[in-house]
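Engineer: In my numbering, the protein residues as written are 6 to 453.
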Ligand code: NDP
Ligand code: 2IT
């Protein structure tokens, strides 16, 4: 059987079953194309329909989320949870609160989560959820009432051994607190391991807040080291200014890089003296303000409208840490023309398929999201471990485990790429390494 036509047929079925869901199609296409050489070597995956099964979620839940705003007006949002694959552990993945959230976005994120979680080496399946609720401009009370309503439905579908949500865009410590409070009340049970990203005083893990950003930089450093290079003294551009961006900036600076820019959805700041990350933290984590306000603290920094123009800044290392498809072909071309040597994805699917192809063709070191941003979910799994043993590890212990996990992910993705004749192509390597573990577990479980 020709395996390329076999995966093409599966892709056609995915498109037919999920019409118009372009983000989901994009994520599936990338993985399917990577799997061709694996299927050639392992026809048993074809016989057992592993790929046909892996592209179909085990379960997808969609629900009404009604809540009352501060003016007494009834608001209705739509909630989602996709429980994509539980072959190697309970479904695990974040919750995203953003007006753009729809079935396609939740499915693409849940699908990628299967392979990312597998790459961490920890026993977690793939899931994702969220809502089209927009937290911007909402009061704490409104966010609380929304979270309570959201959990009033979600609670019956999750559990520490079933499905363990966490944060993503628009969901941080505040939201996890409200969600956990409501879960605990409804279940009358203190199941700390049902959510991760919890506060440190009620079962959270040290280093979880920093994990995705720090992990991204550990991955970049390992990728550069392979070529006898390092992030020290490199000029770095980061997009976004949320959880992932902030701790990527902090760790990159700690390792001696010069980070000159970051952004939000409205525009970007350029600070030739290096981004003052404490100001970004204050603006974003405490005051919930726009990145433009950075100029109030650093008069000689520049602000430019238009978030994706951040990629016009000349840099050695580019770290997209905001959202999907934020680097298109034209931005990729600009980065390449400006001499970028490494791109690593802190966000999920920030590069379009065409942009990714351009980076690979031009020998830019490319760390795909499933590998490069897996540090967040890895430390989430370590939070679950600590909840199970009812002990807390120190910051240094968790950070050391995180570092080792990121190095292992690099080694495994790199080895898989080499084994299948695609040396240095970490996109293919991460997809294959992530897939094989899940596929073998699915084989062991029978057709289910
Ligand atoms: P946050 O909500 O903390 O921050 C998101 C940042 O991205 C903000 O600066 C936001 O700007 C910007 N952004 C969001 N949506 C858009 C958009 N449509 N266009 C332009 N900019 C946008 O989220 P995180 O930092 O947690 O998440 C960032 C990315 O990292 C996401 O892709 C997420 O899936 C991924 N990720 C997160 C992990 C985690 O542990 N949190 C783990 C692994 C990946 P604004 O404030 O203006 O909206
Ligand atoms: O995309 C991701 O990996 C996350 N948002 C983190 C998921 C988690 O369960 O910690």
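Just so it is clear, CB atoms sit at the ideal spot from N, CA and C, and this is done for glycine as well. Being a predicted model, the structure only gives us computed values, none of them experimental.
Take the Cβ of residue 5 as the centre, count every other Cβ of all protein chains shown within 10 Å, and call the residue buried at 16 or more, exposed below.
Structural biologist: Outside the displayed range of the chain (6 to 453) lies residue 5, so it cannot be described from this structure.
Engineer: Please determine, among 305, 278, 277 and 267, the residue with the shortest C-alpha to C-alpha distance to residue 288.
Structural biologist: Minimum Cα distance to residue 288 is reached at 267.
Engineer: Under the DSSP definition of a beta bridge, which residues are partnered with residue 31?
Structural biologist: DSSP, once it has assigned bridges, lists no residue as partnering residue 31.
Engineer: Between 212, 29, 9 and 238, which has its C-alpha nearest residue 108's C-alpha?
Structural biologist: Taking only the C-alpha atoms, the option nearest residue 108 is 29.
Engineer: Can you tell which of 84, 91, 63 and 60 has the C-alpha that lies nearest to the C-alpha of residue 449?
Structural biologist: Minimum Cα distance to residue 449 is reached at 91.
Engineer: I'd like the span of the beta strand (DSSP E) that includes residue 272, first residue to last.
Structural biologist: First-last of the beta strand (DSSP E) with residue 272: 272 to 275.
Engineer: For ligand 1, is there any heavy atom lying closer than 7 Å to the beta carbon of residue 328?
Structural biologist: Yes; taking the cut-off as 7 Å, the Cβ of residue 328 has a heavy atom of ligand 1 nearer than that.
Engineer: Quick check on the DSSP output: what are the complete beta strand (DSSP E) runs of length 3 or more inside the region 221 to 285, in order along the chain?
Structural biologist: Counting whole runs of 3 or more residues, the region 221 to 285 contains the beta strand (DSSP E) stretches 240 to 243, 263 to 268 and 272 to 275.
Engineer: Tell me the DSSP secondary structure of residue 68 in three-state form.
Structural biologist: Correct three-state label for residue 68: strand.
Engineer: Given the structure, does residue 249 come close to ligand 1, in the sense that its CB is under 7 Å from one of the ligand's heavy atoms?
Structural biologist: At least one heavy atom of ligand 1 is nearer than 7 Å to the Cβ of residue 249, so yes.
Engineer: Please report whether the beta-carbon of residue 152 lies at a distance below 8 Å from any beta-carbon of chain D.
Structural biologist: Of the protein chains in this structure there is only one, and it is not chain D.
Engineer: Within 7 Å: the Cβ of residue 88 and any heavy atom of ligand 2?
Structural biologist: Residue 88: no, Cβ never under 7 Å from ligand 2.
Engineer: In whole angstroms, what separates the C-alpha of residue 244 from that of residue 280?
Structural biologist: Going from the Cα of residue 244 to the Cα of residue 280 covers about 12 Å.
Engineer: Using beta-carbon positions only, say whether residue 344 and residue 326 come within less than 8 Å of one another.
Structural biologist: Cβ atoms of residue 344 and residue 326: not closer than 8 Å.
Engineer: Report back the beta-carbon spacing between residue 413 and residue 130 to the nearest angstrom; my notes put them in contact at under 8 Å.
Structural biologist: Between residue 130 and residue 413 the Cβ distance is about 19 Å, and since that is not below 8 Å, they are no contact.
Engineer: Between the region 29 to 38 and the region 113 to 127, do at least 3 Cβ pairs fall closer than 8 Å?
Structural biologist: Cβ pair count under 8 Å is three or more, so yes.
Engineer: Would you tell me roughly how many angstroms separate the C-alpha atoms of residue 203 and residue 151, rounded to the nearest one?
Structural biologist: Looking at the two C-alpha atoms, the distance is approximately 18 Å.
Engineer: Among residues of its own chain, excluding the 5 on either side of residue 428, which ones have a beta-carbon nearer than 7 Å to its beta-carbon?
Structural biologist: Hits under 7 Å: 422.
Engineer: Under 8 Å: do the region 71 to 79 and the region 43 to 63 share three or more Cβ pairs, one atom per stretch?
Structural biologist: Verdict: no, contact absent.
Engineer: Confirm, please, whether the CB-CB distance from residue 322 to residue 241 is below 8 Å.
Structural biologist: Going by C-beta atoms, residue 241 is nearer than 8 Å to residue 322.
Engineer: Taking only three categories from DSSP, how would you classify residue 21?
Structural biologist: Helix.
Engineer: Heavy atom of ligand 2 less than 7 Å from the Cβ of residue 382, yes or no?
Structural biologist: Yes; taking the cut-off as 7 Å, the Cβ of residue 382 has a heavy atom of ligand 2 nearer than that.
Engineer: Taking contact to mean at least 3 C-beta pairs separated by less than 8 Å, is the region 302 to 319 in contact with the region 250 to 261?
Structural biologist: Not touching, per the Cβ criterion.
Engineer: With residue 96 as the anchor, note down where its beta strand (DSSP E) starts and where it stops.
Structural biologist: Looking at the DSSP string, the run of the beta strand (DSSP E) that includes residue 96 is 96 to 102.
Engineer: If we count the other Cβ atoms within 10 Å of its Cβ and call it buried at 16 or more, is residue 360 buried or exposed?
Structural biologist: The residue in question, residue 360, is buried, as its Cβ has 16 or more Cβ neighbours within 10 Å.
Engineer: Please report the distance separating the alpha-carbon of residue 208 from that of residue 173.
Structural biologist: Approximately 19 Å, taken between the alpha carbons.
Engineer: Just to confirm, does residue 151 get its C-beta within under 7 Å of one of the non-hydrogen atoms of ligand 3?
Structural biologist: No copy of ligand 3 occurs in the structure displayed; its ligands are ligand 1 and ligand 2 alone.
Engineer: Per DSSP, residue 86 is paired with what?
Structural biologist: For residue 86, which the question treats as bridged, DSSP gives the partners 66 and 134.
Engineer: So for residue 364, helix, strand or coil by DSSP?
Structural biologist: Helix.
Engineer: Just the Cα atoms here: how many angstroms apart are residue 5 and residue 330?
Structural biologist: A question about residue 5 goes unanswered here, because the residues of the chain that appear run from 6 up to 453.
Engineer: Between residue 171 and residue 144, what straight-line distance do the alpha-carbon atoms span, to the nearest angstrom?
Structural biologist: Going by the C-alpha atoms only, they are around 21 Å apart.
Engineer: Are the Cβ atoms of residue 332 and residue 306 separated by less than 8 Å?
Structural biologist: The answer is no: Cβ separation not under 8 Å.
Engineer: Measuring alpha carbon to alpha carbon, tell me which residue in 161, 153 and 193 is nearest residue 182.
Structural biologist: The residue with the shortest Cα to Cα distance from residue 182 is 153.
Engineer: Cα separation between residue 248 and residue 166?
Structural biologist: Cα to Cα, residue 248 sits roughly 27 Å from residue 166.
Engineer: How about the region 175 to 194 and the region 384 to 403: do they share at least three Cβ pairs that are nearer than 8 Å?
Structural biologist: With the cut-off at 8 Å, the region 175 to 194 and the region 384 to 403 do not touch.
Engineer: Give every residue of the same chain whose Cβ lies closer than 6 Å to the Cβ of residue 197, excluding the five residues on either side of it in the sequence, and list them in chain order.
Structural biologist: Here the set comprises 208 and 392.
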